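What follows is a set of notes on a single structure, which appears directly below.
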Amino acid sequence: MGMATANSGGSEGMELCIFDLRRGQQEGQELDKILFFFPADLPFSTQLSVIGLSEGLITFTRIFSPEAACELIEAEKHSHVFYEAEPDIWMVMVVEKSKEAEAIWRIDALREVLKEIHSLFMMFYGPVREMLEKDPSGGLTRAHLYPFVMDYLSDFLVGKKTQLPSFRDCLKEFGTVQMLTVGREAAIEVQSLVRVLESGAGATHCYSLILFQDLLVSTTLSPDDTINLFAYAVQRLSPRALSSGGSSWSYLRRGSTPSHVVVGPTFATVSVSDQFHNMHATSPSQDNSYHVKRPLQHNRWSKGKDGFLVTDIWGTETGSLIPSTPTIWLQQTGERMYLCAYQYKSLTLILLVPLSSILNGEQGISLVKQQVLENASLKILKVEERLSKGWGGENAYHVSGYRYLLIDDDRNVSRASPPAKVTTLAKESLLAMSKLREEVDLEKSRSKWDNADRDKDLEICIRVKNNAWVIARTTRGKELYMVLERANETLLYASDAFEKFSDRYCGGAFSLD
Amino acid sequence: MKERNTTSTLRRILVNCAAQAKEYGGCVAAKVPEIERDMCLKEFLSLKTCMQNTCKHNLSSLNLRGEEFRSGMSAKASSSQLSVSSSGSGGLSHVYIQHPPLRCNVPGSRGLFYDDGNKLLLSPTSDQVLSWKAVPFDPHVAPTSDSISEGPVLSIRYSLDAKIIAIQRSSLEIQFFHRETGQNFCHKCKPESDSILGFFWTDCPQCDFVLVKTSGLDLLACDADSKSLHVVETKKLNVSWYVYTHESRLVLLASGMQCKTFNGFQLSSAGIVRLPKFEMVMAKSEANSKPVLEDEDVYIATIYGRIYCLQIDRVAMLLHSYRFYRDAVVQQGSLPIYSNKVAVSVVDNVLLIHQVGAKVIILYDIFADSRSPISAPLPLLLRGFPRSNTSSSRSNAKDIEIPEANTSDSETIIYGDDWTFLVPDLICDVSNKFLWKIHLDLEASLPCSIVSEAPSVLDFLQRRKLESSKAKQLCLAITRNVILERRPVSTIAKAIDVLLMSYSLSLKTGSYLKGTKTDKTSHSAGTQISILQSGASAPTGEVDAHGTSTKHQSSATVDNESMNRSGNFSTSDSEDNAQFNSLKAISIVNKEKLSGGAESSSSEVHPSSLQSQNLGPSNSPLNASVSERQESQLISPAISVDEMYSLVFAPVEEEMVGDPYYLVSIIVEFLRSASSEKIKVQPNIYVLTIQLLARNERYAELSLFIINKILEPSKEVAMQLLELGRQNSQIRKLGLDMLRQLSLHHDYVLLLVQDGYYLEALRYARKHKVVTVRPSLFLEAAVSSHDSQLLAAVLRFFSDFTPGFKNTTDCRAYCQILNEMNSAVAV
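Quick look at the structure:
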């Protein structure tokens, strides 16, 4: 298979597996543990050896730390990143280290990828454990996981390579939401629109999410659900995702740089992604007993005449040609919701209606949609107009002279310099920042165990070889990372610049003294 | 939309009461040529009861709710609290007259005359004329008398300064009496030319007195010694009859075969405006018959400062309305009439159409776009009439409709044949020599579907000036009700828009402040008028208090100001004028407004009349004189933001069952409305919002609200967040951040210490020079942490940065503690 050659090259290899420790405990049934393995064409013996090592380490470390077992194995040439997605369901990613290939990873960023795969999977299909219980053979789960993860990974496909977040992505944060800054009046208008939207479906409790371009404007979902739905919306529903025409590098629109978008020969990309898709198309079809919906497939969403986004991923309702409305599963409430997405220019509105509240399926949904159009369209118009008037464009949040990343851990919100600006940084600076972030990650996880309810204040300034200043400061749940390449010699200058930024853009949160 | 709703109310009544209506109609039809009073009474009463029941259903539910609230209201509110429901319970009628009437029965009276320029009811006898003040209406007012000489009295009017009495003696002669000196002189017309139709006094600068003759208008001026009149100008016109009201300063002169061609003049203090000649519409009953328009069929009505002419078309059974502009007269649409005798009154800018034959009144609010009545037709009610059986006011209402039951007392006859309707809101019962004042029962006049039409009803109530505190209470009750009944948010949003728009307008015009000061409405208003009319130049304290007195230097600037403001809300123009003009004591249509044309007529003109919009910007509306209406300025039913909280949101929040999230939606709409009107919102509403969101555990939304400053930062808000922070550390952080951003350093430092961030607190304190936090607080905290390093650091901080700290007892005490701690460690 083409895939095999693409990945078995070795140097750019990445392995990803998902396994269930509760399965395959009998000798000879070890294969039963494996729920997913990438690349799929590795011999089972290799697959089992990866999983066996992981399982052994998990079992061993649990003796000392039953709550949080193994997180990471750093071998000489590989890093094994562990993530316990659900009790006893583990995801392990094995990445190769290589300085030349720029394969320098920040482990937390990789773990965030694993986390996102799992959260998104849950959003569409519910917990893996439940699925396993439904079908103890594991076939159902495997049939779902395989295309899903492959579809997900195809987002990271650049040219022939699966490009995971590396040190170059150190000034962005996975698993967070990027928000649009709006003025008070606009915010009130938005809130007013939210109420109208959510009241559209009668008395039942709806949720909504509003995006402008790729930025979140408003949400009524819990933080975790917001992150998931936001990630999905940005990747598949936003105007850019719809217009990008199914590129395999659509992941890049999440922020990597336009310069990254310099894609190699087009045919190569296409062919590789074709391989990906063909593979998905064929492998589930071999296993036709399960009807697997593939919500992460590209190019399956389009804008309908009424402004609502439609997709055929969820198939059509029996006996009609009307595509079924997608449903998602909310982590917070464990409830299944219909997902109705409406788009007007740059504004994307997502309305979630409980499945339980709509008795007559598609008919009921179309009624809800109609009500939304009736009640809210004027407000939508107004909000869109107001937001686009205040929208500063791609580089709205660029602060000249600074390359920064601001994270609010409490709210899972981050803001960073625009990717195009980050690429102007020297490799040294980025490497230093990546390293610095790893330090901070370590410090954070340490203090989490030491003293859960007290956040530590932390400040690190590093002078890099290329004379850039790399600064990190955390204070009570907020983190600010900064690269100052054209800063002056002295630390005083750098810290002044930092202070200025904090006062101006962070409400003085980072300037305590 | 509005129109359809209102008519649906009517339709509902008609559907519900179809049987009764049919019965009544059949009865009337059977007797048709001989129509008389009280025929088909039985059928009518059953129809009436049915109508009332249909309508009452809605109202009573509102009242009940209102009652419940009253108990929970703050003391401040209850003091000014009107009995919203109890006053409405005296029978179901939206319009009533209050017993006793002003009795003008004097022996030897030769009829009653109403002088609308001075608001006097005049009753001449053989040698004197008695006058009663009709405004303010006081049934016990004592008449004043002036002696006049013997002779026929066709018409009588006092001059505007009340010094001269003019009496029309014949169609050729008018006699003038000086009230002080008793001197008199005559003004006679040439007998061959024409006859006098009437006369009136005017405050127009060119002349003092206008004589309307069949050949036109004579404008006359008094001589310096007021001993004689001389003609200043004559306007030659053929006049069949005329209509004049002092309120509008407008005289309409009818001419032509059918008397439907009109010339109009407005003789205001700003000068004389000649209106373009216009024709009124009259339907023909048959091809050849041409009905003649009579003077009793034409009314001039002043509504919201705009001048309308209402014309009864008996053939079409329509009441046509025309609005006057400086250079155009625009027909505004027609209202149906249901009786062949119709009279028009205006109470508090509400148009009352008395269907005299049917004995019911239909109310219209001309301001609204709708041409449909505000409420169902209901009879005129006599209130407070003493009778033996006073147990139930409901039965009273019925009794009134049955004069036979009280034939002994002719006072109770409603719509007697001798009733004369005086402009704007008085009824003169000529045969009994009574003067009644028409009152509007706001509560009863609200449409049945009060809740579903809340925005328009509130709009209507907000424009009420006479009983504004009652209107206000009603508005509050309605608002609470729509929220409690969980009406669609969009409806409530509109309702809130109406309330806040009215509030912001009242802030601009200053009437809100007035409203809070003056408690009595018409009474105090009346006294002010009398002051102004007597020519007192000093403005009353009330007016002064609002700084309007500073604005009367030049009328031009004032007018310009008012025009600029009028853009927002179309009533404001007249409102503003009224205020300023009141200082000038007498002021009418101001020149600036008429000629300036800066004001776009489209905002003023009735939207449905495209015609008038096409007239261009020069087409400024003709406004009425305002000194009469200035009582309307004294108080406003506007509800302040604070009251919205204390009288709407707070009680509703207590009352509300179920999901409090709905109330959050309402508050969001409220904030939206307030921000678009640029009204500042008190933190208590924000605090309430925070509590509601927290109750739903919608912390993510709450933080969004805070971060986007939808809930503006303030100390109260921050404290509430900190309070909630006990459950949610993230919210606590938001509160802390808010304190820091508000530069409430002292509180911020204290809270940092509380959270155990001692060193951060110290650093912050040093940076922001917070000296109010006692060192001992930090020291105690440090001791309790059992960390000697920390204690040492804190001690060191204070001894380094606080001068004189080393000499305090604190220092010594804690140094000792530190030593003990260290030695304990050493051991």
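Chains L and C are the protein sequences, given in the same order.
Quick note: to get the working numbering, add 1 to the position in the first sequence (first position is 1).
Quick note: to get the working numbering, add 186 to the position in the second sequence (first position is 1).
Backbone N, C-alpha and C fix where the C-beta goes; we use that ideal spot for every residue, glycine too.
Computed from a prediction, not measured in an experiment: that's the story for all the values here.
Runs of the beta strand (DSSP E) lying entirely within the segment 353 to 441 of chain C, each at least 3 residues long, are 359 to 364, 370 to 374, 382 to 387, 395 to 399, 402 to 408, 415 to 422, 427 to 431, 436 to 441 in chain order. Comparing alpha carbon positions, the residue from ASP89(L), VAL93(L), GLU87(L) closest to HIS81(L) is VAL93(L). For SER915(C), the enclosing alpha helix (DSSP H) stretches over residues 915 to 927.
Per DSSP, reduced to three states, the secondary structure at ALA216(C) is helical. VAL82(L) has a beta carbon lying at 9 Å or more from every beta carbon in chain C. For GLU190(L), the residues of chain C that pass the 8 Å Cβ criterion are ARG858, in the order they occur in the chain.
Annotation: the continuous alpha helix (DSSP H) that includes LYS135(L) extends over 129 to 135.
Apart from the 5 residues on each side of it in sequence, HIS931(C) sits with its Cβ closer than 6 Å to the Cβ of HIS954, VAL956 in its chain, given in chain order. Following the DSSP letters along the chain, one finds CYS661(C) in no beta strand (DSSP E) but inside the alpha helix (DSSP H) bounded by residues 654 to 670. Residues of the segment 886 to 898 of chain C that bring their beta carbon within less than 9 Å of a beta carbon in chain L comprise ALA886, GLU887, SER889, LEU890, PHE891, ILE893, ASN894, LYS895, ILE896, GLU898, in sequence order.
Bridge pairing for PHE38(L): CYS18(L) [DSSP]. The continuous stretches of beta strand (DSSP E) do not include HIS145(L), which lies in the alpha helix (DSSP H) extending over residues 140 to 155. Under the three-pair Cβ rule at 8 Å, the segment 206 to 220 of chain L does not count as touching the segment 859 to 879 of chain C.
When C-beta atoms of the segment 120 to 130 of chain L are compared with those of the segment 58 to 65 of chain L, fewer than three pairs fall below 8 Å, so the two segments do not count as touching. The residue from ALA544(C), HIS432(C), ASP828(C), ARG557(C) with its alpha-carbon nearest to that of ALA207(C) is ALA544(C).
Between LEU194(L) and VAL96(L), the gap from beta carbon to beta carbon reaches 9 Å or more. Counting the other Cβ atoms within 10 Å of the Cβ of MET483(L) gives 16 or more, which makes it buried. The C-beta of MET180(L) has 16 or more other C-beta atoms within 10 Å across all chains shown, which makes the residue buried. Under the three-state reduction of DSSP, TYR282(C) is assigned to strand. Apart from the 5 residues on each side of it in sequence, PHE987(C) sits with its Cβ closer than 7 Å to the Cβ of ARG952 in its chain, given in chain order. For GLN206(C), no chain L residue has a C-beta closer than 7 Å to its own C-beta; the minimum C-beta separation is roughly 38 Å. Closer than 8 Å at the C-beta level to chain L, one finds these residues of the segment 660 to 681 of chain C: PRO674, VAL675, SER676, ALA679. For SER333(C), the enclosing beta strand (DSSP E) stretches over residues 330 to 333. Under the 9 Å criterion on CB atoms, SER558(C) is classed as non-interfacial with respect to chain L. Exclusion of the five residues before and after PHE299(C) leaves LEU308, SER341, ILE342 as the residues of its chain whose Cβ lies within less than 7 Å of its Cβ. Comparing alpha-carbon positions, the option among ILE486(C), PHE891(C), TYR847(C), SER454(C) lying closest to CYS390(C) turns out to be SER454(C). Taking the beta carbon of GLN916(C) as reference, the chain L residues within 8 Å of it are ASP411, ARG412, GLY478, listed in sequence order. Taking the C-beta atoms as reference points, PHE856(C) is found nearer than 9 Å to ILE871(C). According to DSSP, ILE351(L) shares a beta bridge with LEU210(L), ALA342(L). For ASP923(C), the nearest beta carbon of chain L is closer than 9 Å to its own beta carbon. Within chain L, the C-beta atoms nearer than 9 Å to that of GLN927(C) come from GLY508, GLY509, in chain order. Under the 10 Å beta carbon count, ALA880(C) is surrounded by 16 or more other beta carbons and is classified as buried.
Contacts with chain L (Cβ-Cβ distance below 7 Å) from the segment 842 to 869 of chain C involve SER851, VAL854, GLU855, LEU857, ARG858, SER861, listed in chain order. Taken through DSSP and simplified to helix, strand or coil, ALA104(L) comes out as strand. The beta carbon of SER430(L) sits closer than 7 Å to the beta carbons of VAL465, ASN467, ALA469, VAL471, VAL484, GLU486 from its chain, once the five residues preceding and following it are set aside; these are given in chain order.
When 9 Å is used as the limit between beta carbons, THR220(L) is near these residues of chain C: ALA886, GLU887, LEU890, in chain order.
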